[in-house]
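Trainee:
Residue numbers (the UniProt record's numbering): 1 to 123.
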């Protein structure tokens, strides 16, 4: 299973990759922005996206909306990572088609629960 981690902060991408590796994921791609993620999705098959909400050029919500519009990616599992647990923001993400969300900072246990809720039990 291949995962794309989208975050404009390298340290956050590193933490995410470390946790995903602990959970048994081996095929992990990184994107430093929404625009970078869209470019990578054109060239790479990905099974799951974990994206930060607040990024400069294309934010996580816009990225989600673009992904949901394309037949190739519209059903792709998408987990939004955010530093805020604003209910309005969560509602907006749900109406845009997010599969789950995770509040930063998170640990491996929380990440595992969020991923399993979307794709099923990890072996």
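Yeah, the Cβ is synthetic: ideal placement off N, Cα and C, and Gly gets one too. If you're wondering where the values come from, they're calculated on a predicted model, not measured in any experiment.
Name the DSSP beta bridge partners of residue 79, please?
Mentor: Residue 79 sits at position 79 when you count from the first residue of the chain shown. 50 and 100.
Trainee: Once DSSP output is grouped into helix, strand and coil, what is the label at residue 5?
Mentor: Residue 5 sits at position 5 when you count from the first residue of the chain shown. Looking at residue 5 - three-state DSSP - the assignment turns out to be strand.
Trainee: Could you name the residues of the same chain whose beta carbon sits closer than 6 angstroms to that of residue 2, not counting the 5 residues immediately before and after it, in chain order?
Mentor: Counting from one through the chain shown, the residue named residue 2 turns up at place 2. Here the set comprises 27, 46 and 47.
Trainee: So does the segment 80–92 actually touch the segment 25–39, counting three or more Cβ pairs closer than 8 angstroms?
Mentor: no
Trainee: Ignore the nearest five residues each way along the sequence and tell me which others in residue 58's own chain have a CB closer than 6 angstroms to its CB.
Mentor: The count along the chain shown starts at 1 and reaches residue 58 at position 58. The residues are 34 and 35.
Trainee: In the DSSP output, what is residue 31 paired with across the bridge?
Mentor: The sequence position of residue 31 within the chain shown is 31, counting from 1. For residue 31, which the question treats as bridged, DSSP gives the partners 6.
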